[in-house]
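Structure first, commentary second.
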Amino acid sequence: MKTTQNSKVLFTAQAAMIAAIYVVLTVIGASFAFGPVQVRLSEALTILPVFTPAAVPGVFLGCLISNVIAGALLPDIIFGSLATLIGAVFTWLLRNNSRYLAPLPPVTANALIVPFVLKYAYMEPLPIPFMMLTVGIGEIVSCGILGLLLHAALSRYQNIIFRKAL
735 MKTTQNSKVL FTAQAAMIAA IYVVLTVIGA SFAFGPVQVR LSEALTILPV FTPAAVPGVF
795 LGCLISNVIA GALLPDIIFG SLATLIGAVF TWLLRNNSRY LAPLPPVTAN ALIVPFVLKY
855 AYMEPLPIPF MMLTVGIGEI VSCGILGLLL HAALSRYQNI IFRKAL
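Going by my numbering, 752 is the number at position 18 of the sequence shown; the sequence numbering is gapless.
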């Protein structure tokens with residue numbers, strides 16, 4: 735019984751820490767984290783579901799809180815956060831495959847969803863296919879480059895950082 739309780743506490747603590755780090759990274763890089771051309775440093779954390787399932791709610795809540803703090807419109811808060819959640823869930827599902835596939839779900843989810851939010855919530859005049867390209871490129875930088883660098887760094891210490899509760 736105690737092990738189950740310890741596991742729940744560890745899961746919650748990991749999710750909370752990931753959410754907090756996501757928020758801090760978004761706030762630090764806020765000047766280029768929003769808009770039709772966006773690179774969110776925090777999106778590098780979408781690689782974390784490869785290491786722990788706690789990263790799925792962690793990055794989702796981090797994105798949700800970041801969007802609220804930034805004063806995003808309601809459709810952005812809802813659908814932007816859902817794009818990150820979808821990306822995190824599919825990254826978790828791909829965790830046993832090549833690490834190079836891990837950034838693909840968040841890049842795809844954000845590139846497909848965020849341009850519609852920009853177009854219809856913020857009345858961005860750019861065409862949706864162009865914004866899919868710009869958001870996709872930003873996600874490739876965040877998830878593909880920074881996320882894979884984070885993956886490489888954490889892979890050496892995953893048994894220490896993402897340990898299971900005893």
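Yeah, the Cβ is synthetic: ideal placement off N, Cα and C, and Gly gets one too.
In this text the structure is predicted, and so the values were computed from the model without any measurement.
Using the three-state DSSP reduction, which class does residue i fall into: helix, strand or coil?
i    : result
A899 : Reliability fails at A899, whose pLDDT of 45 lies under 50, so the model's placement of it is uncertain and no value is given.
N801 : helix
V892 : Sequence check: residue 892 is Gln here, not Val. Helix.
A764 : helix
S832 : coil
Q772 : coil
T738 : helix
I752 : helix
L744 : helix
L880 : helix
P787 : coil
P859 : coil
L807 : coil
Can you tell me where the alpha helix (DSSP H) holding residue i begins and where it ends?
i    : result
A817 : S815 to L827
E873 : I862 to E873
F850 : L838 to Y854
Measure the CB-CB distance between residue i and residue j and report whether it falls below 7 Å.
i    : j    : result
M866 : L852 : no
V757 : F766 : no
A843 : G872 : no
G881 : A778 : yes
F794 : L835 : no
L846 : P770 : no
A789 : F745 : no
Taking the alpha-carbon of residue i as reference, which of the options has the nearest alpha-carbon?
i    : options                   : result
G814 : A789, C797, L759 and L835 : C797
L884 : L782, T760 and V743       : L782
P791 : F850, A747, N831 and I847 : A747
V761 : A750, Y891, A749 and I799 : I799
V784 : S832, I862, V848 and P863 : S832
Mind checking if residue i is an interface residue toward chain B, Cβ cutoff 7 Å exclusive?
i    : result
E777 : The structure shown has no chain B; it contains just one protein chain.
Touching or not, the segment 774 to 785 and the segment 867 to 877, by the rule of three or more beta carbon pairs under 8 Å? Contact holds between the segment 774 to 785 and the segment 867 to 877, because three or more Cβ pairs, one in each stretch, are under 8 Å apart.
Next item on the list: Count the CB pairs spanning the segment 853 to 864 and the segment 825 to 841 that are closer than 8 Å, and state whether there are at least three.
Entry: no
- At a cut of 8 Å, does the segment 837 to 851 reach the segment 741 to 751 through at least three beta carbon pairs? no
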